[in-house]
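Q: For the sequence shown, position 70 matches number 70 in UniProt numbering, and the numbering has no gaps at all.
Glycine included, each C-beta is placed from N, C-alpha and C at the ideal position.
Pasting in a structure now, in structure tokens, and then I'll have a few things to ask.
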Amino acid sequence: MIKLLSLRGFAKRRGLAYGTINRYYVEKRLPPHDGEIGEDENDPKARVGWLPETVDNWQRPGRGARTDLKKDKT
């Protein structure tokens, strides 16, 4: 049996708020989902899910390091 995580499961596994993960999903900042549950492939109400490994390997988007702020001590 394949177990997928919902948006709420994704948030819980990563220790983030559901609202944060939902916003990332809407903004397409999450990894591609691994599966869908719905009536057929064109179901507009299909629910998406991710494998636990996908969630664990996801790198949260961020601003990145501000290397320009570091002073060179040479």
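(1) Out of D68, D56, P61, state which residue places its alpha-carbon closest to the alpha-carbon of K12.
(2) Just to check my reading of the structure: G49 and L16 have Cβ atoms closer than 8 Å, yes? What is that Cβ distance to the nearest angstrom?
(3) Under 8 Å, do R47 and E36 count as touching if we go by C-beta distance?
(4) What residues in its chain sit with their C-beta under 8 Å from that of L7, if we drop five residues either side in the sequence?
(5) May I ask which residues mark the beginning and end of the alpha helix (DSSP H) holding I21?
A: In short, the structure shows the following:
(1) Taking only the C-alpha atoms, the option nearest K12 is D56.
(2) G49 to L16, Cβ: 17 Å. No contact.
(3) Yes, they are a contact pair.
(4) If you ignore the 5 residues before and after L7, its C-beta comes within less than 8 Å of the C-beta of Y18, I21, N22, Y25, V48, all in its own chain and listed in chain order.
(5) Membership of I21 in the alpha helix (DSSP H) is indicated by the continuous run 18 to 26.
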